[in-house]
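Residue numbers (numbering that gives the first Met the number 0), protein chains in the order written: chain A, 0 to 684; chain B, 0 to 262; chain C, 0 to 325. For reference, the structure discussed in these notes is given below.
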Amino acid sequence: MDFDSPARATYWLIQGRILFIALYVLGTACFAWIVAKRLTPLRRARKDFRLDRPWMRIERILQYWLGQWRHPRYWGAGIIHVLIFAGFLILAMRAFALLIFGVSNNLVMPGGRAYGIVRDYAATVVFALMIVAAIRRTIFKPQRYRVPARFGKDRTAGAVFLLALIAVLMAADGLFDAARAAAHAESLPHGSLSWAFQKGLFFASLQTLWALYLGAYLLHGLTFFFLLCYRPFGVQFHVETSLFSIYFAKLERGTLKPVRWDVSEADLDQVKSLGVKTFEDFTWKHILDFYSCADCGRCSDQCPSNTAGRALSPRFFTLKARDYCYQHYPVLGRSGNGTRLVGSLYSEDEIWSCTTCGSCEAECPLLIEYIDKIVDLRRGLIDEGKVPQSLQKPLKALESRGNPYGKLEKKRADWAACGIRILNGNGNRADTLYFVDSITSYDERMQAIGRATARILGHAGLDFGILGACERDSGHDVRRFGEEMLFLSLREHNAEAIRASGVRRIVTADPHAFNALQHDYRDLPPVEHISQVIAREVEAGAVRFEPVANPDDVYTYHDPCYLGRHNQVFDEPRKVLDAIPGLKRVEMRRCRDRSFCCGGGGLALFYEPKEEERIGVKRVRMAAEAGASVIVTACPFCLTNIEDAIKVAGMEGTIAAIDLAELVEKQLEPRLHESVLISRGGRQI
Amino acid sequence: MKILVCIRRVPDTSENEIELNRAGNDIERDDLVYSVNEPDNYAVEEALQIVQKAGGEVTVITVGGEEDEEVLRREMAMGAHHGVLLSDDSFAGSDGRGIATILKAFVEKDGYDLILTGVQAEDGGAQVGGMLAAMLDYPFASLVTSIELLEGGKLQISREIEGGSREMNEIDLPCVLSIQTGINEPRYVGMRGIRQVASVPIPIVGASELDLEPALVGAAAAKVRRLDYFAPPAGKGARILQGSREEIAGELFELLKAKGGLN
Amino acid sequence: MPRIFAYIVHKDGAVDDTALELRATAERIDSTAVLTAVVAGWGAELDAVCETLRASYPEIWKLSHECLAYPNAELVRKALAEVVPRGSIVLVPHSHFGVDLSPGLSIDLDAAFVSDVLEIEGLEGPSLKLVRQEFGGVVSTHVRCDISTGAVLNIRPGAFPPLDRAPAAGQVREVPVGPLTARRRYLSTIVPESGDVDIAKFKMLVSVGRGIQDPENVTIAQELADAVGGAVSCSRPVVDAKWMDKSRQVGSSGKTVKPKVYMACGISGSFQHLAGLKGNPFIVAVNKNSKAPIFRVADVGIVDDLLEFLPVLTTKALEERGVPAK
């Protein structure tokens with residue numbers, strides 16, 4: 000009974016070493032086979048260029064993988080996972096060393112006693128957390144793990160099974176150690192799992208200890224390799240793939256992948272099929288994303304579409320694709336390919352329901368990407384002509400008139416009445432371009448934002464002008480709804496007009512335009528949002544505000560998705576609001592990069608998904624919950640949705656909405672503004 | 000099945016503000032955006048769906064000039080297999096009957112199982128389909144809202160009638176149907192689709208190829224002629240009705256009758 | 000002067016309002032012309048119709064045939080082509096039936112055809128000068144129609160109000176029609192369920208917005224709609240509040256409608272909502288708030304609480320029409 004080497008022991012007539020070599024070889028071969036099979040669809044998928052900027056990528060590994068940066072956003076599960084992950088890292092060395100014991104004669108633990116103590120406690124913590132996690136899953140049942148009936152069966156059993164396996168792994172290790180320590184009368188770290196086992200083995204005979212020693216070791220090995228080969232069949236695969244999904248994650252903010260990484264824009268006409276129609280049209284990184292999902296449910300929990308009861312749930316979007324992949328690229332058997340995804344795996348409503356707010360991407364601890372995939376699927380639908388009629392009208396209008404409303408180009412600057420310079424090449428020049436975009440130009444209510452912005456720019460002494468009838472829709476949402484060709488045409492037109500105007504800066508009050516000009520357009524002068532301009536004026540002390548008319552009002556700022564989350568402009572609008580004397584401001588529970596989308600802008604205003612409650616209504620209720628009586632936002636689409644939602648929720652008179660530029664302009668001069676009165680049902684703020 | 004769909008290029012009402020020109024005798028044509036007449040587009044989609052189920056080909060046709068080619072191309076981008084432009088100097092100024100005469104000559108040369116038109120054009124008289132049918136002596140049905148193929152060269156169709164009711168009919172092939180909007184959901188055609196058919200040839204067929212007597216077509220043969228455009232009498236801004244509730248209700252009721260709102 | 004024939008539309012033995020309107024139209028064209036009502040049908044219902052017409056038309060041609068029991072335009076066309084003398088003017092109401100019948104009839108009669116006539120300006124030699132509208136009523140046009148070989152004119156209902164005339168003591172003449180067959184056969188009529196209402200098919204819409212305040216109040220609008228033969232539509236907030244079905248929504252993200260009359264009740268008149276209204280309808284706005292933007296685009300406005308006003312209008316409509324509410 001040599002308690003120091005399972006290699007030399009005999010397991011049912013087989014020498015330990017032989018048994019374990021066989022187990023390791025079989026296990027590793029199995030794993031390699033499975034991984035090779037899992038790589039097959041990646042080989043057949045479309046190209047994706049993700050090898051650039053390696054240092055930036057390594058930084059992200061450190062922040063998101065090692066640093067578990069995203070996890071504490073849900074603090075309960077977050078802390079549990081951080082600890083488990085830390086435990087795994089600490090135990091990694093132990094696990095491999097332990098395996099080696101099975102085949103070598105030397106029982107030398109690396110790291111010495113210090114490591115031994117640390118890893119013992121680590122294993123104990125992991126074991127305890129397995130129990131905590133299991134209790135949490137089975138008794139407390141957090142909402143976000145629930146599986147709606149249309150997506151299949153509940154997964155608690157599977158989750159608990161995995162937790163149990165890891166617990167078994169820890170226990171086997173602990174028992175192995177305990178048996179040996181008991182036999183040699185060694186002491187183990189006080190309070191650790193192995194210490195507890197040792198206590199329990201106090202009265203065990205040497206025979207028993209030997210049996211336990213060998214048994215625990217075999218159990219450990221079997222469990223280790225079982226887990227290794229089992230992980231690629233479920234959500235635990237993220238243990239392996241997370242490193243890659245984070246390393247290869249998208250580095251650019253706010254923009255979309257090109258239609259095809261390996262085809263230039265000019266050559267797109269040659270391509271027979273655009274967008275994602277079958278599974279193999281996804282890029283390899285997208286497929287890797289499907290593998291990497293840990294089924295944590297955070298994306299769907301934050302998703303406004305899902306919360307409103309729309310067909311889309313990001314979590315299941317990924318998991319359905321993963322299951323499809325497992326089914327069509329099985330580990331055993333032939334791989335199939337080529338079924339149309341939309342119509343079988345996904346419904347059209349699911350694909351069009353996304354507002355591209357990005358909260359799923361902001362939340363996912365594995366940096367899984369969603370927007371690119373949805374847009375690619377939309378590109379595929381557009382290519383096949385499968386576009387809802389409600390979207391065809393604005394798309395057609397965008398093509399003929401450069402705006403989704405079908406209004407005449409020459410009337411685009413009518414809102415500006417007089418006094419604003421038009422940079423249409425008639426000799427008018429300016430330093431700054433105010434890019435107005437379509438909704439502010441044509442929607443009567445939103446024209447108030449345009450006028451307010453122009454007055455603010457004038458007040459700030461900026462030498463600015465607008466493109467007027469030469470301006471077309473920025474194309475931001477045309478692109479995100481998958482009409483890449485139309486977007487390219489709009490972009491070309493606008494870029495030409497902007498270049499011709501000779502401006503050195505661009506300002507806009509429309510976050511969608513802001514995002515497009517910054518990220519979708521190239522080689523343009525620097526772009527700012529009006530809130531950034533005002534904030535700068537405030538800091539420089541160049542602007543003073545009148546106190547608010549009604550000091551009892553409580554204001555809250557709603558972060559527009561394309562200003563806040565996608566472009567990280569959170570502080571400037573708040574600084575501006577806080578500079579207004581007497582303005583009481585509260586934060587909603589979901590604010591900043593956790594801001595809850597208003598319902599979507601651009602073409603999203605035209606699409607009517609099936610939903611239980613309007614996204615905007617949920618947002619208005621959040622504002623009311625926070626105790627606000629006025630919602631300030633910095634986006635014309637947010638304002639449209641929120642004003643609409645206030646009416647639907649029957650909260651006119653209780654809560655009102657106003658745009659930041661409108662509010663600032665009002666506070667620059669104490670004057671009644673009719674547009675504001677209409678929006679608030681007559682109540683003056 | 001060989002299906003012919005007669006289409007027309009018209010100023011798009013949803014993307015134009017149709018108004019009188021300064022002289023007050025025509026509509027302002029400077030800034031107009033043109034596209035295929037909406038009901039015609041539904042007709043093409045219907046034809047495409049029929050051949051998808053029953054096999055065959057769809058040909059789109061229009062009477063006009065070079066500028067009308069673009070709508071033929073758009074429908075071909077949608078999926079129509081052929082496009083034909085009937086164009087000739089002698090066709091200019093034709094009224095609805097003239098257009099129907101021209102189309103009839105073409106149909107007699109080629110032969111089609113089913114001919115579809117849109118129910119009406121914005122500047123038209125909802126007439127070409129019915130006239131063409133009578134000229135060809137084919138059965139006709141207007142305001143068709145559904146088409147089902149039956150055995151034995153027949154169709155079961157529904158027509159839209161008052162109050163949202165549907166009139167079910169059986170009609171023999173070959174026939175002419177004028178299609179109402181809403182019969183289906185036309186597929187989307189984007190810039191890319193149109194670019195892809197940009198170089199497909201569209202044959203131009205003139206009077207001589209159709210054996211048409213010039214006396215039957217063109218301005219000289221037109222029995223109906225548009226003389227001018229003028230503004231319909233209209234009020235600007237709401238006229239607020241005054242009086243007691245009953246008086247207002249009475250006045251309003253008379254207005255409703257006069258404006259054709261009552262059934 | 001050509002003879003004028005008025006095609007009479009009837010249902011269940013009752014004469015349609017357009018019969019008197021066509022008489023007014025004929026008078027407008029030429030009060031001296033020989034005017035004949037031509038009616039197609041079968042059985043007791045046809046008899047009743049002809050009897051009623053005697054009071055308004057000097058002569059009534061009764062085309063009685065079993066096939067014509069249901070007005071199949073293809074069969075009616077055959078019958079009319081057989082009996083109407085060449086060179087006549089035939090007046091037909093511009094309706095689902097008129098659109099089906101007249102273009103083909105004009106070819107059979109070798110006559111001119113004009114659709115949806117709004118006004119008759121007068122005779123000018125061998126032509127008739129008429130007024131039509133195009134582009135959904137945004138512009139009017141004068142049209143010259145050569146009537147030297149006759150004409151078929153589809154007259155817009157409501158455009159020629161009936162004139163008060165002394166009773167006519169008309170003569171009914173049975174005109175035989177030959178064997179009628181057509182390659183289009185009528186099968187049945189499907190009446191929509193109330194849930195299937197397609198608001199785009201109605202000439203008049205009573206449209207409600209937030210001002211309706213409560214889902215129960217939708218019945219007030221429905222009663223009015225029933226009284227006038229229209230349908231209830233709504234703006235988006237009403238759908239979102241689940242007070243009406245999505246199929247009733249008018250707007251840029253709802254349906255586009257082209258009614259003749261649009262009553263916007265308790266609707267503020269947002270840009271998105273008005274985008275669903277095409278064809279230049281006659282807009283009536285009923286709103287408590289005199290500053291509501293809808294008043295800028297409406298033709299007539301009523302500053303009143305719709306919950307109070309609509310029932311009064313409904314009562315008025317029912318009185319006038321003697322139509323029992325559904």
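Using N, Cα and C, we set each Cβ at its ideal position, and we do this for glycine too. Quick caveat, the model's predicted, so the values are computed rather than measured.
Bounds of the alpha helix (DSSP H) holding His80 (chain A) are Trp74 to Phe100. Taking C-beta atoms under 8 Å as the contact rule, Val204 (chain B) and Val83 (chain B) qualify, at a distance of about 6 Å.
The alpha helix (DSSP H) runs of length 4 or more contained entirely in the region 89-158 of chain C are, from start to end of the chain, 95-107. Between Ile455 (chain A) and Val663 (chain A), the gap from beta carbon to beta carbon is short of 9 Å. With distances taken between CA atoms, Asp592 (chain A) lies nearest to A:Ala361 out of A:Ala361, A:Glu610 and A:Leu366.
When C-beta distances to chain A are compared with 7 Å, the residues of the region 191-219 of chain C below that value are Arg209, in chain order.
In this structure, the beta-carbon distance from Ile146 (chain B) to Ile247 (chain B) does not fall below 9 Å. Closest in C-alpha terms to Gly220 (chain A), from the list A:Arg543, A:Ile99 and A:Cys359, comes A:Ile99. DSSP places Cys264 (chain C) in no alpha helix (DSSP H) but in the uninterrupted beta strand (DSSP E) bounded by Val260 to Cys264. If you look at Ser263 (chain A), you'll find it isn't in any beta strand (DSSP E); DSSP assigns it neither H nor E.
Sequence-distant partners of Cys49 (chain C) (beyond 5 residues in either direction) whose C-beta falls short of 7 Å from its own C-beta, in its chain, are Val38, Ile59, Lys61 and Val171.
DSSP, read as helix, strand or coil, puts Gly384 (chain A) in coil. Considering only A:Ile497, A:Ser241, A:His183 and A:Met55, the residue with the shortest C-alpha distance to Phe2 (chain A) is A:His183. Gln126 (chain B) is not a Cβ neighbour of Leu186 (chain C), given a cutoff of 9 Å. A straight line joining the alpha-carbon of Pro125 (chain C) with that of Val223 (chain B) spans about 12 Å. Secondary structure in the region 571-622 of chain A: the beta strand (DSSP E) runs of 3 residues or longer, each lying completely within the stretch, are 583-585 in chain order. Annotation for Gly210 (chain C): Gly265 and Leu305 place their beta carbon closer than 6 Å to its own, counting only its chain and skipping 5 residues before and after.
When the five nearest sequence neighbours on each side are left out, the beta carbons in the same chain lying within less than 6 Å of the beta carbon of Gly379 (chain A) are those of Gly274, Val275 and Lys276, in order along the chain.
Note on geometry: alpha-carbon atoms of Gly129 (chain B) and Ala274 (chain C) lie some 32 Å from one another. Distance check between Ala316 (chain C) and each of B:Ala257, B:Glu253 and B:Gly97 places B:Glu253 closest, using alpha-carbon atoms only. Between Cys5 (chain B) and Thr144 (chain B), the C-beta gap is not smaller than 9 Å, which leaves the two residues out of contact. Apart from the 5 residues on each side of it in sequence, Arg321 (chain A) sits with its Cβ closer than 6 Å to the Cβ of Phe289 in its chain, given in chain order.
Pairing Leu432 (chain A) with Gly384 (chain A) gives a Cβ-Cβ distance that is not under 9 Å. Contact between Asn279 (chain C) and Val142 (chain C) is ruled out by a C-beta separation of about 19 Å, above the 8 Å threshold. Short of 6 Å from the beta carbon of Gly401 (chain A), and not among the five residues preceding or following it, lie these beta carbons of its own chain, in chain order: Glu408, Arg471 and Asp472. For Asp519 (chain A), not one C-beta of chain B is nearer than 9 Å to its own C-beta. Residue contact with chain C for Phe252 (chain B): present (Cβ-Cβ distance below 9 Å to some residue of chain C). Under the three-state reduction of DSSP, Pro10 (chain B) is assigned to strand.
Counted as a single uninterrupted DSSP element, the beta strand (DSSP E) harbouring Gln155 (chain B) occupies residues Lys153 to Glu159. Within the region 195-248 of chain A, the complete alpha helix (DSSP H) runs of at least 4 residues fall at 205-229 and 237-246. Only those residues of the region 157-172 of chain B whose C-beta falls short of 8 Å from the nearest C-beta of chain C are listed: Ser157, Arg158, Glu159, Ile160, Glu161, Gly162, Gly163, Ser164, Arg165, Glu166, Met167, Asn168, Glu169, Ile170 and Asp171.
By a beta-carbon distance limit of 8 Å, Ala660 (chain A) contacts Ala451 (chain A). Their separation comes to about 4 Å. Proximity of Val386 (chain A) to chain B, defined by a Cβ-Cβ separation below 9 Å, is satisfied. With respect to the 9 Å criterion, Pro313 (chain A) and Tyr369 (chain A) are classified as neighbours on the basis of their beta carbons.
Straight-line spacing of the CA atoms in Pro310 (chain C) and Leu223 (chain C) works out to 7 Å.
Burial of Gly97 (chain B) is indicated by the presence of at least 16 other C-beta atoms within 10 angstroms of its C-beta.
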